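Before any comments, here is the structure.
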Amino acid sequence: MTQLHASPSTESGQTAANGWVASFGDVARLRPDPRSPGRACESLRLDHDGADGSVGQATRGPVTVVLTGELYDRDELCHLVDDDAHDLSDAHLVAALYRKRGRAAIEELKGVYAVVVHDAERRVLLARRDTMGVTPLFYARSNGVTYFATSLRALLRCQGVSSTPNRAAIADHLWNKWPIDDETFYEDIRRVPAAHLVRSEAGRWALDRLDTDHVPRGDIEWDDGEAFDEAFTRAVRRCAGAGRVGVFLSGGLDSISVASTLVDLQPTETPLALSLTFPTPDTDESAIQRHVAATLGVSQTAIPLSEAAGSADILSASLETVANWPTLLSNFWLPAYRRLAEIAREQGCDTVLTGNGGDEWLGVTPELAADLIRRFHWRRLAHFIAAEARSFPVSRTLLAWRTLVRFGVKPLAVRGIDRVAPGAMRNRRRGRFLASMPDWLAPDPALRAQLRERLDAWIDRQYPQRRPRGPYGFYLRCIEESYTHPLHSMEMEDAAEMTRPIGLRLRHPYWDPNLIRVLVRTRPESLMAGGRAKGLIRDRLDRRFPNGDLRRQRKNLSTVFATDMIQNSADVWLDRTRGLRMLSEMGIVDTPVAYLRDADSDVTETRRGRAFRLWALLNAECWLNGADARTAGGENRHG
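The working numbering puts the first residue of the sequence shown at 5, with every later residue one more than the last.
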């Protein structure tokens, strides 16, 4: 027996800020099944206050659907159902599709969404987020009930869901390892990762990797980018939606391309450009930001980084934010962009677009070097290295060495050894990873043993899947990891958490699935047209903004500025946290403060590496210290 119920939240506005919760499980004690006395009644229920208009609910026969977000290509989906399906809501449309096509209908959905489907007849439950992971989806099981939500805050308020930190996940994060795709930094809560589906059949739970067609396997049919303009325009159009639109406008090619296309699509509207200004000559892009806004004729709000962050330095702003954040911060700059999002809402914007994803999909991954070397394409390899050198402020010699050795010869050597001696290669990988574990990490023997077990399981599971296939196997493998890696899911979850309380849609045209399908199949030489990275859009932007010199623009790297900021402020925060006391008490780290303060204590670690190691440690410490603030607020409301 499947039923769907909507029950109002007892806290005004709380669910609107935290998202919705759907619960599934044995609720016979609440609602017995009249057809089978004494039999457990599995039910999918939706608990929300009605303020979150993006969530839909539908029941069709034994099928119940909870859906939030937006579906793309509705006409195609309606055609698969019947001629009258155009009047259906998205949730009802998905229910009808599932009744007709089963699990395949859920796997093939396109858009920006999270969906949970329960089929009482087959005793199947399916849950997934959109393939690119833009919309978060988490779940937790407690006392026979499984809760699904788009917000960690909402799950933490559910009955029986513990806020106990996941020590192993935190330790692995500090080690730059993420061996389990669906775990979060809470023991009781899991995520539904991008490009995955959570499945329960007859009480047995599994996490399935979806076999999507965004990145081809094996051979690939290239094109020269002729389809890009149409696909990109379509992506910007459907991301913009209705109402006033803002754009996070940096001085980079990605956000400029989004802003210019948006203006072309909405000539009678006035988009709002939202920009951060940085204080150093190497990071200041205010001149090109003003030029772009003036040329497009859009209004612009530009504020200094320190004002947007609400603190003298971005490190302090980030650590103050994470103390009341539901998870560790993945984005160092998030506090500043949250203020820009608030300004957008204050000025009447319903949606803000970003250039996020441009680096991944307009660029060419360095693993292309391995494919070119094994096919003896030396001229193309030289062209690739030269294009990267013209596009990034990095030493040409260093860049050539890294491209040839780290991303070229080394992967080929590993692949060769793996073919003839896979067991030896596995042992080598394990030994290399274990050797990289810092001495100060996991002083608790039980935790260190757990990390080793997790690493072994990850190597056994991951590496057979990651073997390159086809003439461009290395290149395509790296591209696929752009959206299947857990860090990508975390970044998208942070972005959603940032804008949800504001009531703002945050959309990323470069993460549009149809556009990605086009860009993945665009010949690397076309992506580097004109001998520079992102050459596919450079010429057209240079013509649109003739005084911006975008044809020759290099990537503005803020890592030097961030490194200086961290090092200048870290001592204060090490004192405030009493030398990472919480991490130490939990057995996650045993790091003498003197070691962290001594810049010469580890000659193998770069200045940048040490700075971001400090950021990661302080990020985790301040998050653990803020646990009481996050879980305060009275009894659980759901369940």
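Ideal Cβ placement from N, Cα and C applies to all residues, glycine included. Quick caveat, the model's predicted, so the values are computed rather than measured.
Go through its chain and collect everything with a Cβ distance to residue i's Cβ below 6 Å, but skip five positions before and after it.
| i | result |
| --- | --- |
| R349 | I506 and L508 |
| A446 | A175, R452 and L455 |
| E125 | P66 |
| P283 | none |
| A574 | L618 |
| V607 | At V607, the pLDDT of 49 sits below 50, so the modelled position is not reliable; the number obtained from the coordinates is stated separately. Excluding residues within five positions, none has a Cβ falling inside 6 Å. |
| S27 | R49, V149 and Y151 |
| A172 | Q454 |
| R127 | A206 |
Between residue i and residue j, what straight-line distance do the alpha-carbon atoms span, to the nearest angstrom?
| i | j | result |
| --- | --- | --- |
| A231 | V522 | 7 Å |
| R49 | C482 | 39 Å |
| R434 | G412 | 22 Å |
| F236 | N147 | 47 Å |
| G361 | V138 | 11 Å |
| T188 | D498 | 13 Å |
| V398 | E324 | 33 Å |
| L332 | D594 | 20 Å |
| G207 | W382 | 55 Å |
| L81 | V165 | 37 Å |
| R504 | T358 | 16 Å |
| R132 | A158 | 18 Å |
| D288 | G255 | 9 Å |
| N623 | V326 | 7 Å |
| S440 | A404 | 25 Å |
| L376 | P426 | 24 Å |
| V69 | A95 | 6 Å |
| R419 | L385 | 20 Å |
| V59 | E74 | 10 Å |
| P285 | S310 | 16 Å |
| D91 | D79 | 11 Å |
| A620 | A246 | 39 Å |
| V249 | A340 | 19 Å |
| I592 | S167 | 17 Å |
| A391 | R556 | 11 Å |
| E485 | V368 | 13 Å |
| G637 | R145 | Reliability of the predicted coordinates at G637 is poor, the pLDDT of 44 falling under 50, and no value is obtained from them. |
| N629 | P472 | 43 Å |
| W444 | N431 | 24 Å |
Mind checking which residues open and close the alpha helix (DSSP H) that includes residue i?
| i | result |
| --- | --- |
| Y102 | D94 to R105 |
| H83 | R78 to V85 |
| G435 | P426 to A439 |
| Y476 | First-last for Y476: undefined, no H or E at that position. |
| G613 | R611 to N629 |
| A89 | Careful: A89 lies outside any alpha helix (DSSP H) and carries neither H nor E. |
| L266 | L257 to L269 |
Apart from the five residues on each side of it in sequence, which residues of its chain come closer than 7 Å, Cβ to Cβ, to residue i?
| i | result |
| --- | --- |
| T216 | T135 and A199 |
| R107 | L130 |
| S320 | S573 |
Excluding five sequence neighbours on each side, which residues of the same chain lie with their C-beta closer than 8 Å to the C-beta of residue i?
| i | result |
| --- | --- |
| K104 | L84 and V85 |
| P41 | Low confidence applies here, because P41 scores a pLDDT of 39, under 50, leaving its location unreliable; read the following figure in that light. Contacts found: none. |
| R525 | P220, I224, E225, W226 and D227 |
| K559 | G256, S395, F396, P397 and A537 |
| L253 | S259, I260, A263, A277, L278, S279, Q293, V296, A297 and Q304 |
| D317 | S310, M569, N572 and S573 |
| P330 | S155, L156, R157, L160, E501 and R634 |
| E191 | S166, T168, P169 and N170 |
Round the Cβ separation of residue i and residue j to the nearest angstrom and send it over; I've been treating them as touching at under 8 Å.
| i | j | result |
| --- | --- | --- |
| L531 | R542 | No, L531 and R542 are not in contact; Cβ-Cβ is about 10 Å, not under 8 Å. |
| E130 | V121 | According to the sequence as given, residue 130 is Leu; it is not Glu. Confirmed, about 5 Å. |
| F142 | I193 | 6 Å |
Can you name the start and end residues of the beta strand (DSSP E) that residue i belongs to?
| i | result |
| --- | --- |
| D123 | G115 to D123 |
| R378 | From DSSP, R378 is part of no beta strand (DSSP E) but of the alpha helix (DSSP H) over L372 to R378. |
| A131 | V128 to R133 |
| G73 | V67 to L75 |
| T63 | V59 to R64 |
Going by the C-beta, is residue i closer than 7 Å to any heavy atom of the ligand ADP?
| i | result |
| --- | --- |
| G359 | Here there are no bound small molecules, and the ligand ADP is not part of this structure. |
Just to confirm the assignment: which complete alpha helix (DSSP H) runs, minimum length 4, are found wholly within the stretch 280–367?
Runs of the alpha helix (DSSP H) lying entirely within the stretch 280–367, each at least 4 residues long, are 290–300, 309–313, 318–326, 338–350 and 362–366 in chain order.
Enumerated in chain order, which unbroken segments of the alpha helix (DSSP H) with a length of 4 residues or greater are wholly contained in the stretch 549–606?
563–580, 585–589 and 597–601
Of all the alpha helix (DSSP H) runs that stay within the bounds of the stretch 137–222, which reach a length of 4 or more residues?
Within the stretch 137–222, the complete alpha helix (DSSP H) runs of at least 4 residues are 156–160 and 171–178.
Could you tell me which uninterrupted beta strand (DSSP E) segments, each at least 3 residues in length, are contained entirely in the stretch 502–543, listed from first to last along the chain?
509–511
Go through the stretch 391–423 residue by residue and report every complete run of the alpha helix (DSSP H) that reaches 4 residues or more, in order.
400–405
Taking only runs that begin and end inside the stretch 224–252, name each unbroken alpha helix (DSSP H) of 4 or more residues, in chain order.
232–244
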